[in-house]
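Below is one structure; the comments refer to it alone.
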Amino acid sequence: MMAARDCTNRLEACVRQSLDILLKPFRMMATSLVMLGVYTVILLLAKDKIRQRNNETQQGNPEAPASPPNKRAYLFRIFECLLNSLRGHLRPTSFYVPILGSTLGLLYGFRAMEKHQLALPGTEEYLDACPQDSRRTAAEVLVKLFAAAVTTIGVHGHLDSLNGSRFWRRELFHALEVCLNPLASVLSFTTAVWYGFIDLIVFSAGPWKEDTGFSYRIGRLCGCYVNTGVPPTEDSSLLRLGLISPHHVVANPLKRDLKWCSRVVVLIILFGQYTQAAILLTRRILSNTAAWVDYAMAFLTLSALVALIRSFAIALLNVTWTLEGEFRPCTESLCSLPGCIESRKRLGLPCKILPPDSGNILAFVPQILRYQLAGGLLQGLILFSIKISLWKILLQLYASQIIWSSSIYFMALANGFWEFLAETRESQSPNSLQPVSDREQTSSGSLPAPISHGVQNNPIKSWSIAKLLIPFVMAIMGMVMIAWLCLVVVLQLFWLLAPCVILYSMIVIETRSWEEIDSSLPCPQLWKDGLGDKMWWF
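Letter by letter, the sequence shown follows residues 1 to 538 of the UniProt record's numbering.
Below, the structure written as structure tokens:
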């Protein structure tokens with residue numbers, strides 16, 4: 001038993017050290033951004049004072065020479081971009097407001113429960129010894145964990161069938177998401193709740209010009225789909241309700257028959273089961289008797305409760321969403337219907353394309369990855385009780401989003417670069433490289449090309465220098481971008497896989513040590529809650 005405990009302690013210390021090492025790039029990146037912003041502000045303030053003094057001197061003496069042009073105009077543009085970015089992050093419609101609020105709420109909620117000392121009946125015996133008659137076993141908790149994982153995956157699959165999803169790849173990805181990082185679905189739900197009702201605030205305008213009804217808000221919150229009438233082979237055959245303007249869709253009520261009643265009853269039973277599990281797990285965390293397997297159960301319970309709330313809302317609405325009979329293209333810049341997009345392009349109106357949400361797996365992976373990174377960071381902070389301040393949590397969360405956005409921008413840049421090379425090769429032809437004589441230029445009505453002097457008299461030499469310099473610069477930039485992309489991929493894979501792998505490895509090590517435990521040693525994690533026998537749960 002002592003050897004197993006020593007192994008567990010060494011593994012936990014190694015994990016904490018690895019997390020501290022891997023968190024350093026996040027801290028350095030965020031700190032460098034802050035220092036760059038402060039340095040830019042100081043330079044701009046000093047430059048503004050000098051410019052103001054020169055303007056006052058020129059106004060007092062009109063014959064005084066004008067102040068030289070601003071040589072640091074790019075600093076002002078950088079500062080303006082940083083200021084606009086900060087304003088965008090602080091807006092109510094920003095992604096960082098709900099994701100940061102959810103992260104802080106869950107993190108400090110778990111920390112408050114861990115700090116609370118709740119004395120429950122029967123826990124005193126396990127603080128001094130380990131009774132063999134009333135303690136829980138490893139097989140018992142592992143079977144409950146397996147049942148909870150399978151049931152949670154089934155609950156999410158049922159939600160996908162209720163909201164009208166027909167993409168098996170999306171459903172498979174959701175199953176993997178639940179297994180790897182259950183907290184990602186919790187963060188996505190809280191973000192959807194924030195975006196679904198933020199436009200009710202006076203100072204925040206909604207995405208649509210007209211008022212949206214309550215049923216539309218609930219359907220958008222639950223991620224319902226609308227059949228657009230496009231052939232099913234295309235990606236735009238099904239679109240999220242939130243991507244279509246409200247006046248295009250119609251809610252068709254369904255019959256409340258025996259099938260509907262059975263579904264509601266099953267959802268109520270499952271919700272009661274997960275609620276009981278949440279109560280028992282909360283009691284364990286409050287009494288400091290929670291093991292690693294209890295934290296895994298808590299994460300699965302939160303994810304399942306979120307999916308059940310969405311499923312219950314869809315079942316109570318009991319409607320199907322279809323397009324209106326007579327389709328008229330709208331001028332809403334966020335409407336993603338193919339007919340509306342083509343109409344806005346013909347009229348020259350702005351067209352803001354939202355992140356695609358279709359059957360193509362590459363279309364919705366980036367958004368899911370965004371929640372996965374935030375959920376992995378949150379899960380790591382909860383599991384290992386990393387004592388960091390609010391400022392560092394904010395910096396690490398922002399750095400993780402920078403890493404996510406940099407990978408997306410890198411893929412877009414690489415795609416645009418290859419398209420540019422393809423267009424350049426197509427545009428080059430032998431006729432475009434032939435010089436045009438002065439007589440042809442004069443006959444065509446244009447003046448002959450001016451004759452340059454100096455270095456341009458030797459075009460072969462200048463072209464040879466450029467031919468050597470450009471590939472060298474491009475090679476260095478390419479190597480830097482590839483190195484940065486590799487670092488980004490490593491950090492993303494760490495926060496996607498490391499919390500899950502470490503958690504389940506610690507569960508295996510801990511449950512194995514339960515079999516060899518000495519009855520004379522304390523074992524608070526093996527305390528069996530008597531309330532669990534009175535409740536029907538996993």
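For every residue, glycine included, the Cβ atom is placed at its ideal position computed from N, Cα and C.
- Close CB contacts of Phe-312 within its chain, under the 6 angstroms cut and outside five residues either way in sequence, are with Leu-267 (chain order).
- DSSP places Ala-251 in the uninterrupted beta strand (DSSP E) bounded by 249-253.
- Of the residues Cys-330, Cys-340, Arg-263, the one whose Cα lies closest to the Cα of Asn-318 is Arg-263.
- Restricted to the stretch 276-331, the alpha helix (DSSP H) segments that are unbroken, complete and at least 4 residues in length are 292-317, listed in chain order.
- Around Glu-171, the same chain offers Gly-157, Asp-160, Ser-165 as residues with beta carbons nearer than 7 angstroms, after the five sequence neighbours per side are excluded.
- Less than 7 angstroms divides the Cβ of Val-186 from the Cβ of Leu-302.
- Checking the DSSP bridge columns, you'll see Tyr-225 partnered with Arg-240.
- In this structure Pro-522 does not touch Tyr-274 by the C-beta definition: roughly 31 angstroms separates them, more than the 8 angstroms allowed.
- Residue environment for Val-473: exposed (fewer than 16 other C-beta atoms within 10 angstroms of its C-beta).
- The beta-carbon separation of Thr-289 and Pro-524, rounded to 4 angstroms, stays under the 8 angstroms limit for a contact.
- With contacts defined by Cβ atoms closer than 7 angstroms, Ser-102 and Thr-190 form a contacting pair.
- For Phe-110, the enclosing alpha helix (DSSP H) covers residues 96-115.
- The beta carbon of Ala-307 is closer than 6 angstroms to those of Val-155, His-156, Leu-159 in its chain, skipping five residues each way along the sequence.
- Of the candidates Trp-321, Lys-345, Ile-314, the residue whose Cα lies closest to the Cα of Pro-329 is Lys-345.
- Within 10 angstroms of the beta-carbon of Asn-252 lie fewer than 16 other beta-carbons, which makes it exposed.
- Apart from sequence neighbours up to five positions away, the residues of its chain that approach Asn-163 with a beta-carbon distance below 7 angstroms are Cys-222, Gly-223, Cys-224, Tyr-225, Ile-314, ordered along the chain.
- Where Leu-159 is concerned, the enclosing alpha helix (DSSP H) starts and stops at 138-162.
- Between the stretch 254-263 and the stretch 498-518, the count of C-beta pairs closer than 8 angstroms stays below three; the two stretches do not touch.
- Restricting attention to Leu-526, Leu-531, Ile-382, Gly-532, the CA atom closest to the CA of Ala-291 is found in Leu-526.
- The three-state reading of DSSP puts Lys-345 in helix, counting H, G and I together.
- Annotation for Val-178: Ala-149, Thr-152, Ile-153, His-156, Ser-185, Leu-300, Ser-303 place their beta carbon closer than 8 angstroms to its own, counting only its chain and skipping 5 residues before and after.
- A residue is called buried once 16 or more other Cβ atoms fall within 10 Å of its Cβ, and Val-490, having fewer, is exposed.
- Per the coordinates, the alpha-carbon of Leu-383 lies some 31 angstroms from the alpha-carbon of Ala-483.
- For Met-474, the secondary structure class from DSSP, reduced to helix, strand or coil, is helix.
- By the Cβ-count criterion, His-248 is buried, with 16 or more other Cβ atoms from all chains shown falling within 10 Å of its own Cβ.
- No residue range can be given for Cys-523, since it is assigned to no alpha helix (DSSP H) and is classified by DSSP as neither H nor E.
- The Cβ atoms of His-116 and Leu-286 lie closer than 7 angstroms to each other.
- The C-beta separation of Leu-377 from Gln-396 comes to about 6 angstroms, placing the pair in contact by the 8 angstroms criterion.
- Around the Cβ of Arg-284, a 10 Å sphere holds 16 or more other Cβ atoms; the residue is buried.
- Collapsing the DSSP output to three states places Gly-122 in coil.
- A direct Cα-to-Cα measurement between Glu-342 and Leu-142 gives close to 55 angstroms.
- Taken atom to atom, the span from the alpha-carbon of Thr-93 to that of Leu-493 is near 28 angstroms.
- Nearest to Ser-188 by C-alpha distance, out of Leu-381, Trp-404, Leu-145, Tyr-371, is Tyr-371.
- Bounds of the alpha helix (DSSP H) holding Thr-191 are 183-197.
- For Cys-179, the uninterrupted alpha helix (DSSP H) run begins and ends at 168-180, by DSSP.
- Taken through DSSP and simplified to helix, strand or coil, Phe-384 comes out as coil.
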